[in-house]
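Heads up, the thing below is written out as structure tokens.
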Amino acid sequence: MSTLESPKKQKSLLLNWFDRRTGLNQLLSEALDEPIPGGARFAYVFGSALLFIFISQVITGVFLALYYVPSTDHAHTTVEYITKAVSAGSFLRSVHAYGSSAMVILLLLHVTQTFLYGSYKGRRELLWLSGCVLFVFVLCMAFTGYLLPWDQKAYFATAVGTNIAGEIPIIGGWMKSLMRGGADMGTLTLSRFFVAHVLGVPAAIFALIALHVYLFRKAGSAGPISEDPLHPVQRTEAFYPRQVIVDGIFALLIISVLAFMAHFNPFTLGPQANPADTHYLPRPEWYYIPIFQYLKYWPSSLSFIGVVVVPGIVGFAFASLPFLDRRMERRPWKRPLAVGTYVFVFLALFGLGYISYQNDHSDPGYVQQLAAQDKETAEFMQRPFQAEASGTAATVMAAAPVDSNLAQGKAIFEAQACGACHGDGGTGSAAGPKLTDVSARRTEDQLIAILKSPSPKMTAGGMTALDLPPDKLAALVTYVRSLK
Ligand code: HEC
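Here the sequence shown stands for residues 86 to 569, numbered as in my numbering.
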């Protein structure tokens, strides 16, 4: 019988068999026939764009992981190798690094669209909540990925980040050593961040995306702002083909922008982390800068409010939005409170970012140090790759213990937010005098004494008594006296 069948018929027989075994046709039509009230729109691209960029991150990440070794003596060398020696290595790394920024931007756009369109309304509480958890996990990916190159920028920004976690009362110290794998940052920190970055967090993100999409399908597309989110009445259009095409065009646009940036402005790598460098000014990735600036306003005595209470209230209010806002009204101009709050938060974040930028560009000390750091990075990028040459891992690690007192002191200075008033590196600010000349004026014992019980003038300026064990206090004083 089969000898009589034409090749075309045979092919459809094969496809039919495959469909009977898998149910693929029905699955596809269910996926593609999703009804969109009011029809396809550009405004709806951000969700699928996030999925697209996440997949792009997974693919580029797998390639990077082929070379990467998470240990203090190889991490930086392997990233340098990827950047300078592997063919298309720098390109892939740049697409991955810029991709993380793209992901944060798309996330903000997705939240903005959902918020302004009131698409969280109408039995979509769990959809919103799963989105909130995804938001946190994406930020975790950015945080854990930042350390992996183990260059100066990565090391010091993560030192600050983990110190901030250490500020949380009761569990802070435990969280900090859980993240670091001990008191200091080293190979255990790298392997923990690596495992979180390539296994733990992505697995959670995969599962949550599945849940998020499932809940989205269950509730149905909310449609335009004029649509009733519970009982849509507008004429619907299937997801395929027009929305698929719009989503596809946007995905192409994103990957083109990333490729363009990766090609013309490759992501840089700085010199290997040197924990004993006490002058390095850590600066986080741009999307963390407003938070970094915000934290500077909380002296250590109030850090509980700054690090736990305020973020807790904001996060809780954000997550409970669909429970708080029960009206079915979706038009933004009829929701002045919601939209006003949103605009306020965005302006505040921009404002904080701007102040941070101003601070960095108005203080000559910062300008000089930041320029020197950029120059070191540029020089390092110019240098050809040398396999584990002298001056890398082994020597730095051997040198570190000598200065670990200094490094510990610096960490305490940062954790206690002394820099909030005295400036990063003790260069002084409007709120506190510079400390770069303090060693000439005060002995070690005097410094320990005034830090334990500040003079009335210092108290008036906002300084609080430090309650630290003697060895920590001594390390802090060693650091303060080393400031030049
Ligand atoms: C809220 C702002 C603020 C914070 C935070 C702060 N200081 Fe001060 N500090 C001041 C002010 C203001 C003075 C100057 C008082 C005066 O005029 O004598 C001062 C004075 C000092 C002095 C004496 C300087 C001298 O020339 O004699 C030292 C040392 C010092 N601070 C160290 C620290 C350390 C270390 C920390 C972190 C644990 C810290 N400060 C945190 C505001 C602050």
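Ideal placement from N, C-alpha and C gives every residue a C-beta, glycine not left out. All values reported here derive from a predicted model rather than from experimental measurement.
Taking a contact to mean a Cβ-Cβ separation below 9 angstroms, would you say residue i touches residue j in this structure?
i	j	result
K537	L558	yes
P469	K169	yes
G494	H507	no
L98	T145	no
F222	A289	yes
L343	S179	yes
S156	T272	yes
M260	R277	no
L112	F103	no
T512	D448	yes
Q454	H364	yes
E252	F389	yes
Y231	E370	yes
Y153	F241	no
I497	L561	yes
G216	H297	yes
Does any heavy atom of the ligand HEC sit closer than 8 angstroms to the C-beta of residue i?
i	result
I535	yes
P120	no
F498	yes
V189	no
A125	no
C225	no
V329	no
P384	yes
K542	yes
R526	yes
L437	no
P555	no
H316	no
P396	no
G391	no
G510	no
G517	yes
V523	yes
A502	yes
L337	no
G547	yes
A239	no
V147	no
V245	no
H507	yes
L491	no
L551	yes
L219	no
L380	no
For the putative contact between residue i and residue j, defined by C-beta atoms under 8 angstroms, what is the C-beta separation to the nearest angstrom?
i	j	result
A268	L191	With 8 angstroms as the limit, A268 and L191 do not qualify as a contact, their Cβ atoms being about 37 angstroms apart.
G438	Q378	7 angstroms
G63	G123	For residue 63 there is no data in the structure shown, the boundaries of the chain being 86 and 569.
Q471	N359	So it is not a contact: roughly 17 angstroms between Cβ atoms.
T274	G266	5 angstroms
P314	G207	3 angstroms
L300	L219	About 11 angstroms; that fails the 8 angstroms criterion.
D118	A323	5 angstroms
F203	I310	Before going on, a small fix: residue 203 reads as Gly here, not Phe. The pair is a contact, with the Cβ atoms about 7 angstroms apart (cut-off 8 angstroms).
Y205	T199	6 angstroms
P384	A502	6 angstroms
Would you decide whether residue i is buried or exposed? Buried here means 16 or more other CB atoms lie within 10 Å of its CB.
i	result
A239	buried
I138	buried
F291	exposed
W235	buried
F121	One point to set straight first is that residue 121 is Ile, not Phe, in the sequence displayed. Buried, by the Cβ-count rule.
M270	buried
I339	buried
V164	buried
S475	Note on S475: pLDDT 48, under 50, position unreliable in the model; no value is reported.
V392	buried
A479	Note that A479 scores a pLDDT of 43, beneath 50, so its modelled location is shaky and nothing firm can be said.
K381	buried
S185	buried
V481	Because V481 sits at a pLDDT of 42, beneath the cut-off of 50, its placement in the model cannot be relied upon, and the following sentence gives the value as read from the coordinates. Its Cβ being crowded by 16 or more others within 10 Å, V481 is buried.
P375	buried
V130	buried
Are the C-beta of residue i and some C-beta of chain E separated by less than 9 angstroms?
i	result
E119	Included in the structure is just one protein chain, with no chain E present.
- Item | 3-residue-minimum beta strand (DSSP E) runs that sit fully inside the segment 208-244, ordered along the chain | none
- Contiguous alpha helix (DSSP H) assignments of at least 4 residues, all confined to the segment 366-404: 374-380 and 395-404
- Go through the segment 422-447 residue by residue and report every complete run of the beta strand (DSSP E) that reaches 3 residues or more, in order. none
- At 3 residues or longer, and completely inside the segment 296-351: list those beta strand (DSSP E) runs for me, N to C. 321-323
- Length at least 4, wholly inside the segment 88-123: the alpha helix (DSSP H) runs in chain order: 92-107 and 109-117
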